[in-house]
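Position 25 (the sequence shown) corresponds to 28 in this note's numbering; numbering is contiguous.
Every residue gets a Cβ at the ideal spot worked out from N, C-alpha and C, and that includes glycine.
This report concerns only the one structure given below.
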Amino acid sequence: MDKNSATKQDDKANGRQRKILVSTAATIAVIGVAGGLILASNQYWAQAGSTSTELQDSLANVAKEDAETGEDVKVDTQAQVIKNLGQPGKLTVDGAKKPSFEITVHSVKVMNKCTLRGFGEQISPDNKYFLVLDVSASLAASAQDVVDEEIALMPLDASSFGVSPGENRKVSYNLNTIAAYSCEVKNALDIAVGAGDEIRGNVVLDSPYATGQVVYDPDKTGGWTWSY
(Lines of atoms letter the chains of each structure in order from A; the text may use other names.)
(Lines give C-alpha, C1' and ligand atoms only; values in the text may rest on other atoms or scores of the structure.)
Protein backbone atom coordinates (compact mmCIF):
# COMPACT_ATOMS: atom_id res chain seq x y z
CA MET A 4 0.00 0.00 0.00
CA ASP A 5 1.40 3.44 -0.94
CA LYS A 6 1.34 6.68 0.97
CA ASN A 7 -1.89 7.80 -0.67
CA SER A 8 -3.82 4.83 0.71
CA ALA A 9 -3.69 5.95 4.32
CA THR A 10 -6.24 5.60 7.08
CA LYS A 11 -8.34 8.63 8.02
CA GLN A 12 -7.90 9.15 11.73
CA ASP A 13 -8.44 11.65 14.49
CA ASP A 14 -5.51 13.46 16.02
CA LYS A 15 -5.39 12.01 19.51
CA ALA A 16 -1.93 13.28 20.39
CA ASN A 17 -3.08 16.77 21.35
CA GLY A 18 -6.09 15.50 23.31
CA ARG A 19 -8.38 18.12 21.81
CA GLN A 20 -12.16 17.92 21.94
CA ARG A 21 -13.64 17.19 18.50
CA LYS A 22 -17.24 17.42 17.40
CA ILE A 23 -18.48 16.35 13.99
CA LEU A 24 -21.92 17.47 12.85
CA VAL A 25 -23.80 15.53 10.20
CA SER A 26 -27.26 16.68 9.17
CA THR A 27 -29.18 14.61 6.60
CA ALA A 28 -32.75 13.70 5.80
CA ALA A 29 -32.30 10.58 7.88
CA THR A 30 -31.13 10.58 11.49
CA ILE A 31 -27.41 9.82 11.30
CA ALA A 32 -24.98 8.73 14.00
CA VAL A 33 -21.32 9.48 13.37
CA ILE A 34 -18.64 7.53 15.21
CA GLY A 35 -16.10 9.65 17.09
CA VAL A 36 -12.75 8.84 18.66
CA ALA A 37 -14.10 7.98 22.07
CA GLY A 38 -17.42 6.92 20.64
CA GLY A 39 -19.52 9.27 22.79
CA LEU A 40 -22.61 10.43 20.89
CA ILE A 41 -25.19 13.02 21.94
CA LEU A 42 -28.57 13.26 20.19
CA ALA A 43 -29.70 16.82 19.49
CA SER A 44 -32.79 17.43 17.36
CA ASN A 45 -32.18 14.70 14.76
CA GLN A 46 -28.51 15.61 14.54
CA TYR A 47 -25.77 13.64 16.19
CA TRP A 48 -22.61 15.17 17.57
CA ALA A 49 -19.65 12.82 17.77
CA GLN A 50 -17.69 13.82 20.81
CA ALA A 51 -14.15 12.98 21.85
CA GLY A 52 -12.22 14.00 24.92
CA SER A 53 -13.36 15.34 28.26
CA THR A 54 -13.97 19.01 27.44
CA SER A 55 -16.42 20.78 25.15
CA THR A 56 -14.59 23.74 23.65
CA GLU A 57 -14.78 23.40 19.86
CA LEU A 58 -17.65 22.80 17.43
CA GLN A 59 -17.25 21.00 14.13
CA ASP A 60 -13.50 20.60 14.52
CA SER A 61 -12.19 19.66 11.08
CA LEU A 62 -11.64 16.10 9.97
CA ALA A 63 -8.30 17.44 8.75
CA ASN A 64 -6.99 16.55 12.20
CA VAL A 65 -5.54 13.20 11.25
CA ALA A 66 -2.99 10.82 12.60
CA LYS A 67 0.38 11.14 10.88
CA GLU A 68 0.51 7.41 10.15
CA ASP A 69 -1.89 4.72 8.99
CA ALA A 70 -2.87 2.65 12.04
CA GLU A 71 -2.84 -0.57 9.98
CA THR A 72 0.23 -0.07 7.80
CA GLY A 73 2.35 2.65 9.39
CA GLU A 74 2.39 4.55 6.07
CA ASP A 75 2.26 8.35 6.04
CA VAL A 76 -1.12 10.05 5.63
CA LYS A 77 -1.37 12.50 2.72
CA VAL A 78 -3.84 15.36 3.14
CA ASP A 79 -4.59 18.16 0.66
CA THR A 80 -5.20 21.84 1.45
CA GLN A 81 -8.98 21.25 1.54
CA ALA A 82 -8.59 18.87 4.51
CA GLN A 83 -9.21 15.78 2.36
CA VAL A 84 -7.21 12.58 2.79
CA ILE A 85 -6.11 11.68 -0.74
CA LYS A 86 -7.01 8.31 -2.25
CA ASN A 87 -6.85 6.69 -5.66
CA LEU A 88 -10.00 5.12 -7.11
CA GLY A 89 -10.45 1.73 -5.50
CA GLN A 90 -8.61 2.69 -2.31
CA PRO A 91 -10.67 2.87 0.90
CA GLY A 92 -11.07 5.76 3.28
CA LYS A 93 -11.16 4.53 6.86
CA LEU A 94 -12.28 5.86 10.22
CA THR A 95 -10.79 4.08 13.21
CA VAL A 96 -12.35 4.43 16.64
CA ASP A 97 -10.40 4.73 19.87
CA GLY A 98 -7.01 3.62 18.57
CA ALA A 99 -8.22 0.31 17.13
CA LYS A 100 -6.24 -1.28 14.32
CA LYS A 101 -9.31 -2.27 12.30
CA PRO A 102 -11.47 0.53 10.84
CA SER A 103 -14.95 1.10 12.26
CA PHE A 104 -16.13 2.77 9.07
CA GLU A 105 -14.77 2.28 5.56
CA ILE A 106 -15.81 3.79 2.23
CA THR A 107 -14.41 3.28 -1.28
CA VAL A 108 -15.20 5.01 -4.57
CA HIS A 109 -14.40 2.32 -7.14
CA SER A 110 -15.19 4.21 -10.32
CA VAL A 111 -16.82 7.39 -11.66
CA LYS A 112 -18.84 7.45 -14.89
CA VAL A 113 -19.47 10.86 -16.51
CA MET A 114 -22.69 11.41 -18.49
CA ASN A 115 -24.27 14.39 -20.27
CA LYS A 116 -27.77 12.96 -19.91
CA CYS A 117 -29.58 10.23 -18.00
CA THR A 118 -32.85 8.34 -18.35
CA LEU A 119 -35.74 9.79 -16.36
CA ARG A 120 -36.77 7.21 -13.81
CA GLY A 121 -40.12 5.61 -14.61
CA PHE A 122 -40.63 7.47 -17.90
CA GLY A 123 -37.74 6.56 -20.19
CA GLU A 124 -37.04 10.01 -21.63
CA GLN A 125 -33.62 11.69 -21.45
CA ILE A 126 -32.97 14.56 -19.03
CA SER A 127 -30.00 16.90 -18.62
CA PRO A 128 -28.14 17.81 -15.43
CA ASP A 129 -28.51 21.21 -13.77
CA ASN A 130 -24.75 21.53 -13.19
CA LYS A 131 -23.46 20.29 -16.60
CA TYR A 132 -22.57 16.62 -15.84
CA PHE A 133 -24.03 13.58 -14.14
CA LEU A 134 -21.48 11.51 -12.22
CA VAL A 135 -22.39 7.90 -11.44
CA LEU A 136 -20.27 6.73 -8.53
CA ASP A 137 -19.71 3.04 -7.78
CA VAL A 138 -19.37 3.09 -3.99
CA SER A 139 -18.92 0.45 -1.31
CA ALA A 140 -19.10 1.07 2.43
CA SER A 141 -19.10 -0.85 5.67
CA LEU A 142 -19.76 -0.03 9.32
CA ALA A 143 -18.52 -2.34 12.05
CA ALA A 144 -21.09 -4.01 14.28
CA SER A 145 -19.22 -2.51 17.25
CA ALA A 146 -20.43 0.93 16.15
CA GLN A 147 -23.80 0.09 17.68
CA ASP A 148 -22.15 -0.20 21.10
CA VAL A 149 -21.26 3.48 21.19
CA VAL A 150 -24.70 4.95 20.50
CA ASP A 151 -27.76 5.08 22.74
CA GLU A 152 -30.21 5.06 19.86
CA GLU A 153 -31.57 1.96 18.13
CA ILE A 154 -29.52 2.25 14.93
CA ALA A 155 -25.99 3.49 14.19
CA LEU A 156 -25.67 4.76 10.61
CA MET A 157 -23.28 6.55 8.27
CA PRO A 158 -24.86 8.57 5.42
CA LEU A 159 -24.28 7.69 1.77
CA ASP A 160 -26.85 9.80 -0.08
CA ALA A 161 -25.77 12.32 -2.72
CA SER A 162 -25.66 15.16 -0.18
CA SER A 163 -22.73 13.39 1.52
CA PHE A 164 -20.49 13.95 -1.51
CA GLY A 165 -18.78 16.91 -3.16
CA VAL A 166 -16.57 17.55 -6.20
CA SER A 167 -13.63 19.78 -7.04
CA PRO A 168 -11.81 20.51 -10.32
CA GLY A 169 -8.61 18.97 -8.95
CA GLU A 170 -6.27 18.49 -5.99
CA ASN A 171 -6.12 21.40 -3.52
CA ARG A 172 -9.09 23.12 -5.20
CA LYS A 173 -12.27 24.33 -3.54
CA VAL A 174 -14.95 21.67 -3.15
CA SER A 175 -18.49 22.21 -4.46
CA TYR A 176 -21.44 20.59 -2.71
CA ASN A 177 -25.22 20.67 -3.29
CA LEU A 178 -24.91 18.00 -5.96
CA ASN A 179 -28.10 16.25 -4.86
CA THR A 180 -30.36 18.03 -7.35
CA ILE A 181 -33.80 16.90 -8.40
CA ALA A 182 -32.30 16.00 -11.78
CA ALA A 183 -29.73 13.70 -10.15
CA TYR A 184 -32.40 12.13 -7.95
CA SER A 185 -34.61 11.56 -11.00
CA CYS A 186 -32.01 9.53 -12.92
CA GLU A 187 -32.70 5.87 -13.41
CA VAL A 188 -29.76 3.98 -11.90
CA LYS A 189 -29.07 0.28 -11.66
CA ASN A 190 -28.11 -1.10 -8.26
CA ALA A 191 -28.79 2.16 -6.44
CA LEU A 192 -26.72 2.71 -3.30
CA ASP A 193 -28.61 2.77 0.00
CA ILE A 194 -28.79 6.22 1.60
CA ALA A 195 -26.89 4.93 4.65
CA VAL A 196 -24.95 1.93 5.93
CA GLY A 197 -25.90 0.46 9.29
CA ALA A 198 -23.81 -1.17 11.99
CA GLY A 199 -22.67 -4.63 10.94
CA ASP A 200 -23.51 -4.01 7.28
CA GLU A 201 -21.41 -3.89 4.12
CA ILE A 202 -23.04 -2.50 0.97
CA ARG A 203 -22.19 -1.47 -2.57
CA GLY A 204 -24.09 0.41 -5.26
CA ASN A 205 -24.33 3.47 -7.49
CA VAL A 206 -25.15 7.05 -6.53
CA VAL A 207 -25.70 9.93 -8.98
CA LEU A 208 -24.25 13.42 -8.47
CA ASP A 209 -25.04 16.56 -10.48
CA SER A 210 -21.55 18.00 -11.02
CA PRO A 211 -20.10 21.15 -12.61
CA TYR A 212 -16.91 19.23 -13.49
CA ALA A 213 -16.31 16.42 -15.99
CA THR A 214 -12.91 15.69 -14.42
CA GLY A 215 -11.44 16.38 -11.01
CA GLN A 216 -11.96 14.86 -7.60
CA VAL A 217 -14.99 13.45 -5.83
CA VAL A 218 -15.17 13.89 -2.07
CA TYR A 219 -16.97 12.00 0.68
CA ASP A 220 -17.49 14.56 3.42
CA PRO A 221 -20.93 14.50 5.12
CA ASP A 222 -20.18 17.32 7.58
CA LYS A 223 -18.17 19.34 5.03
CA THR A 224 -15.16 19.83 7.26
CA GLY A 225 -12.77 17.32 5.67
CA GLY A 226 -13.04 13.74 4.48
CA TRP A 227 -11.62 11.58 1.69
CA THR A 228 -11.08 12.42 -1.98
CA TRP A 229 -10.66 10.33 -5.15
CA SER A 230 -9.47 11.68 -8.53
CA TYR A 231 -11.57 10.79 -11.60
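Give me the residue from the options with the minimum Cα distance to residue i.
i: leucine 136; options: Asp220, Gln216 and Asn205; result: Asn205
i: glutamate 201; options: Asn190, Ala195 and Ser141; result: Ser141
i: glycine 92; options: Val138, Ala183, Gln81 and Gln125; result: Val138
i: asparagine 144; options: Gly199, Ser110 and Gln125; result: Checking the sequence shown, residue 144 turns out to be alanine, not asparagine. When each option's Cα is compared against that of alanine 144, the closest is Gly199.
i: tyrosine 184; options: Ala82, Gly123, Ile85 and Leu119; result: Leu119
i: isoleucine 85; options: Lys112, Lys101, Arg172 and Leu156; result: Arg172
i: serine 127; options: Pro211, Leu192 and Lys223; result: Pro211
i: tyrosine 176; options: Glu187, Glu170 and Asn130; result: Asn130
i: glycine 169; options: Gln81, Lys77, Val76 and Ser103; result: Gln81
i: leucine 2; options: Ser163, Lys223, Ala161 and Tyr219; result: This structure cannot speak to residue 2, because the chain is shown only from 4 to 231.
i: threonine 214; options: Lys77, Ile106, Met114 and Ser103; result: Met114
i: glycine 226; options: Ser163, Gly123 and Asp209; result: Ser163
i: lysine 223; options: Arg203, Ile154 and Leu178; result: Leu178
i: valine 111; options: Phe133, Gly121 and Phe122; result: Phe133
i: proline 221; options: Ala182, Arg203 and Val174; result: Val174
i: aspartate 193; options: Asp209, Ile181 and Pro158; result: Pro158
i: glutamine 124; options: Ser103, Glu105 and Cys186; result: Rather than glutamine, the amino acid found at residue 124 in this sequence is glutamate. For glutamate 124, the nearest C-alpha among the options comes from Cys186.
Going by DSSP, what residue range makes up the beta strand (DSSP E) through residue i?
i: tyrosine 184; result: Where tyrosine 184 is concerned, there is no enclosing beta strand (DSSP E), although the alpha helix (DSSP H) it sits in stretches over 181-185.
i: glutamine 216; result: 216-219
i: leucine 119; result: Here leucine 119 belongs to no beta strand (DSSP E), and DSSP marks it neither H nor E.
i: threonine 228; result: 227-230
i: lysine 223; result: Premise fails: lysine 223 is in no beta strand (DSSP E) and is neither H nor E.
If you reduce the DSSP assignment to three classes, tell me which class residue i lands in.
i: aspartate 148; result: helix
i: serine 127; result: coil
i: serine 103; result: coil
i: valine 76; result: coil
i: tyrosine 212; result: coil
i: glycine 89; result: coil
i: alanine 51; result: Here the model assigns alanine 51 a pLDDT of 24, short of 50, so the residue's position is not dependable and the matter cannot be decided.
i: asparagine 190; result: coil
Using the DSSP secondary-structure output, state which residues sit across from residue i in a beta bridge.
i: proline 158; result: Ala195
i: valine 166; result: Ser175 and Val217
i: alanine 140; result: Ile106 and Ile202
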